[in-house]
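Numbering (the working numbering), first residue to last: 109 to 482. A virtual CB, placed ideally from N, CA and C, is assigned to each residue, including glycine. Here the structure is a predicted model, which means the values were calculated and not measured. Just below is one structure, and these are the notes that go with it.
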Ligand code: GLY
């Protein structure tokens with residue numbers, strides 16, 4: 109495994125580069141400021157493509173469209189835009205078909221590059237389209253939310269939803285490049301910033317006690333978008349994710365640790381029809397439940413969930429579970445693709461910074477945790 113960080117100077121931009129080593133599917137993650145205007149430069153340095161198509165939301169185009177377009181035009185990539193409606197409902201096969209139509213109309217071929225400009229919805233949808241259009245065309249990720257910068261843009265999970273479940277139709281398909289421009293966070297709604305921080309806290313719990321300490325000590329600085337703090341938490345999160353994905357790209361086992369709290373949070377999201385919580389907000393509650401399950405199964409001390417709750421509260425993330433029946437939650441958990449052969453699998457905490465995969469937690473234990481903490 110090779111993973112390295114170097115400082116690189118391109119024009120006036122100082123940035124960090126991480127390389128995710130996946131053999132012929134390896135790629136760079138570049139993290140810095142004023143990256144959007146230089147996307148064309150980065151593409152021409154690394155890729156051989158004829159043209160570019162930016163897939164984004166109307167609101168994101170309003171904020172960043174001109175900046176990214178001018179750099180791409182200057183570098184000779186004549187970008188076109190495809191706008192998709194905001195929200196999780198765009199992650200559908202119907203939306204995929206609409207985008208295929210546009211790509212065919214534009215006569216896009218295998219040398220055309222898709223650019224996902226936006227958050228997780230845009231990234232997951234664009235990645236899936238890139239994986240399937242003409243049996244696969246190149247794409248890059250330009251994530252503009254904290255959540256997509258630290259999680260969904262890295263690692264090659266692409267998907268759309270099926271009426272029966274989230275991310276049920278998809279492919280592992282790696283981007284050619286991930287470009288993280290920290291400047292995009294200045295316009296991000298606070299609620300979304302906090303939701304992204306839930307994923308950063310997750311990395312602390314699963315792999316990095318020092319990151320967790322840092323989050324505890326620098327909460328206010330992070331919430332006020334202190335540059336150094338943001339850079340540190342994004343770089344650290346991407347490094348952890350890259351290491352996990354390098355070890356187990358297709359989630360045969362180790363990658364599952366990235367799902368800490370997610371079995372609970374997906375059920376909360378499903379049972380509240382994806383309308384009450386942002387993913388990171390549901391994850392906040394899900395991580396508390398996973399930590400409490402870890403205590404119930406005698407894997408960790410009760411201080412662990414307490415420390416997690418305190419940190420989530422400091423970031424003003426929800427810590428109170430919604431009023432749902434434990435029977436419904438467990439039933440919904442059984443529909444989750446993270447399980448196998450009808451057994452419920454959980455990622456449990458042994459301590460802050462260390463987790464393990466538990467393959468067969470009894471339903472009675474899960475229900476006990478859910479009922480105790482209503
Ligand atoms: N978001 C979890 C993963 O990429 O595996």
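Next on the checklist: So, at 6 Å on beta carbons, what are the nonlocal neighbours of residue 261 in its own chain, with the 5 sequence-adjacent residues on each side left out?
Outcome noted: Counted from its first residue, the chain shown places residue 261 at position 153. For residue 261, where only same-chain residues beyond five positions count, the Cβ hits under 6 Å are 231, 249, 251, 286.
Next on the checklist: Considering only the alpha carbon of each residue, which of 410, 215, 383, 370 lies closest to residue 452?
Outcome noted: To locate residue 452, count along the chain shown from 1; it is residue 344. Ranking the options by Cα distance to residue 452, first place goes to 370.
Next on the checklist: Give me, in chain order, the residues of the same chain whose beta-carbon lies closer than 7 Å to that of residue 130; leave out the 5 immediate sequence neighbours on both sides.
Outcome noted: Here residue 130 refers to the residue found at position 22 of the chain shown. Once the five neighbours on either side are set aside, the close Cβ partners of residue 130 are 282, 354, 357.
Next on the checklist: Assuming residue 168 is part of the alpha helix (DSSP H), what are its boundary residues?
Outcome noted: If you number the chain shown from 1, residue 168 lands on position 60. Its alpha helix (DSSP H) spans residues 166-182.
Item to check | Where residue 419 falls, given that 16 or more other Cβ within 10 Å makes a residue buried | outcome: Stepping through the chain shown from its first residue, residue 419 is reached at position 311. Residue 419 comes out buried.
Checklist entry - What are the residues that DSSP puts in a beta bridge with residue 384? => result As a first step, residue 384 must be located in the chain shown, where it is residue number 276. None; residue 384 has no bridge partner.
Checklist entry - Regarding residue 353 and ligand 1, is the C-beta to nearest heavy atom distance less than 8 Å? => result Locating residue 353 in the chain shown gives position 245, counting from the first residue. It does: the Cβ of residue 353 is within 8 Å (strictly closer) of some heavy atom of ligand 1.
Checklist entry - Any idea if residue 392 is buried or exposed, counting beta-carbon neighbours within 10 angstroms, 16 or more meaning buried? => result Indexing the chain shown from 1 puts residue 392 at position 284. That one is buried.
Checklist entry - How far does the alpha helix (DSSP H) with residue 352 in it reach, from first residue to last? => result Taking the chain shown and counting its residues from 1, one reaches residue 352 at position 244. 335-355 is the span of the alpha helix (DSSP H), which, as asked, contains residue 352.
Item to check | Same chain only: Cβ atoms within 7 Å of residue 316, ignoring 5 sequence neighbours per side | outcome: Reading the chain shown from its first residue, position 208 is the one you call residue 316. Result list for residue 316: 344, 348, 461, in chain order.
Checklist entry - Does DSSP put residue 259 in a helix, a strand or coil? => result Indexing the chain shown from 1 puts residue 259 at position 151. If DSSP states are grouped into helix, strand and coil, residue 259 belongs with the helices.
Checklist entry - Which residues in the same chain have their Cβ closer than 7 Å to the Cβ of residue 438, if we skip the five residues on either side of it in sequence? => result On the chain shown, residue 438 is found 330 positions in, with the first residue counted as 1. Once the five neighbours on either side are set aside, the close Cβ partners of residue 438 are 471, 474, 475.
Checklist entry - What is the rounded straight-line gap between the Cα of residue 120 and the Cα of residue 132? => result Counting from 1 along the chain shown, the entry for residue 120 is found at position 12. Counting from 1 along the chain shown, the entry for residue 132 is found at position 24. Legend: pLDDT at residue 120 = 47, less than 50; position of this residue unreliable, value from coordinates given subsequently. Using only the alpha carbons, I get a separation of about 31 Å.
Checklist entry - Ordered along the chain, which non-local residues of its own chain (more than five positions away) have a Cβ less than 7 Å from that of residue 112? => result Stepping through the chain shown from its first residue, residue 112 is reached at position 4. Unreliable positioning characterises residue 112 in this predicted model, as indicated by a pLDDT of 45, which lies under 50. The coordinate reading is nonetheless provided below. Cβ neighbours of residue 112 beyond the five flanking positions: 127.
Item to check | Proximity winner among 411, 238, 308, relative to residue 280 (alpha-carbon distances) | outcome: Locating residue 280 in the chain shown gives position 172, where the first residue counts as 1. Ranking 411, 238, 308 by Cα distance to residue 280 puts 238 first.
Item to check | Given residue 350 as reference, the closest of 377, 169, 365, 421 once Cα atoms are compared | outcome: Within the chain shown, the letter at position 242 stands for residue 350. The shortest C-alpha separation from residue 350 is found at 365.
Checklist entry - When burial is assigned at 16 or more other CB atoms within 10 Å of the CB, is residue 361 buried or exposed? => result As a working mapping, residue 361 is identified with position 253 in the chain shown. When all chains shown are included, residue 361 counts as exposed.
Checklist entry - Considering only the beta carbon of each residue, do residue 376 and residue 399 sit closer than 9 Å? => result Taking the first residue of the chain shown as 1, we reach residue 376 at position 268. Taking the first residue of the chain shown as 1, we reach residue 399 at position 291. No, they are not a contact pair.
Checklist entry - Mind checking residue 276: buried by the 16 CB within 10 Å criterion, or exposed? => result For the purposes of this step, residue 276 is taken as residue 168 along the chain shown, with counting starting at 1. That one is exposed.
Item to check | residue 260: CB within 8 Å of a non-hydrogen atom of ligand 2 | outcome: As presented, the structure is devoid of ligand 2, carrying ligand 1 as its sole ligands.
Checklist entry - Quick one: Cα of residue 179 to Cα of residue 148, how far? => result Numbered from its first residue, the chain shown carries residue 179 at position 71. Numbered from its first residue, the chain shown carries residue 148 at position 40. If you take the alpha carbons of residue 179 and residue 148, they lie about 5 Å apart.
Next on the checklist: Between which residues of its own chain and residue 468 is the CB-CB distance below 8 Å, once the five residues before and five after are set aside?
Outcome noted: The residue given as residue 468 occupies position 360 in the chain shown. Contacts found: 451, 452, 453.
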